[in-house]
Amino acid sequence: FEDSLRVMEGSTSTDTEVTQARLGAVRALQGDVDGGLQLAQQARDRIVGGPLANTVDATDVHYLYGTVLELAKRPGDAETEYRASIAVQTKLLPPDGMHFFSADARLALGRLLTQDAQTRDEGLRLIGQAVALRESTLGVDNPHTLETKQELARLAAAR
């Protein structure tokens with residue numbers, strides 16, 4: 004990702020936000036949460052309110068920034084970013100944004116929401132949507148689909 008950003012610096016491309024957010028997520032996963040937060044937030048800040056605010060890139064950046072926020076133990080802020088990702092997807096594909104690209108954000112937000120009794124039902128609904136999107140795109144036997152189905156069943160049974 005760092006190489007990609009360096010290459011883009013020397014080109015006329017200005018769409019580096021997704022790459023920078025992915026690098027932020029990688030750094031956070033490797034233990035540099037503060038560095039990852041800084042990179043992902045910079046990418047998100049460039050997306051919000053600009054010409055890329057309602058694009059597929061914005062859905063990715065909001066989701067990735069949410070992931071980093073979750074790793075930084077900031078679940079409320081992560082929820083906001085996951086919701087922003089889904090909201091952009093909904094603008095791109097009304098009325099509900101039910102596109103495969105939103106499955107990861109729906110799953111991540113669903114996981115967060117199932118931790119609180121007041122938002123548990125919404126969380127289960129979102130995870131169910133992620134299952135449906137993965138089934139329709141990846142197939143019912145895909146490992147990612149099966150893993151998401153198992154998680155939904157486990158969380159639903161824990162009521």
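Residues in the sequence shown are numbered from 4 upward in steps of one, following my numbering. Note that CB positions come from ideal geometry on N, CA and C, so glycine has one too. None of these values were measured; they are calculated from a predicted model.
If the criterion is Cβ atoms closer than 9 Å, does the pair L127 and L158 meet it? Position 124 of the sequence shown, counted from the start, is the residue given in the question as residue 127. Position 155 of the sequence shown, counted from the start, is the residue given in the question as residue 158. A contact, by the Cβ cut-off of 9 Å.
Reducing DSSP to helix, strand and coil, say where V91 ends up. Within the sequence shown, residue 91 is the residue found at index 88, counting from 1. Residue state, collapsed to three classes: helix.
Can you give the Cα-Cα distance for V51 and R162, rounded to whole angstroms? Residue mapping note: residue 51 aligns to position 48 of the sequence shown, counting from 1. Residue mapping note: residue 162 aligns to position 159 of the sequence shown, counting from 1. Computed Cα separation, rounded: 37 Å.
Grab me the residues of S14's own chain with a C-beta within less than 7 Å of its C-beta, minus the 5 sequence neighbours each way, in chain order. Numbered from 1 along the sequence shown, position 11 holds the residue referred to as residue 14. Because the pLDDT of S14 is 46, which lies under 50, any placement of that residue in the model is unreliable, and the question is left without a value.
Buried versus exposed, by CB contacts within 10 Å (16 or more), Q92: Residue 92 sits at position 89 when you count from the first residue of the sequence shown. When all chains shown are included, Q92 counts as buried.
Using a Cβ-Cβ cutoff of less than 7 Å, which residues in the same chain neighbour F104 once the five nearest sequence positions on both sides are dropped? The residue you call residue 104 lines up with position 101 of the sequence shown. These residues qualify, in order along the chain: V59, T62 and Q92.
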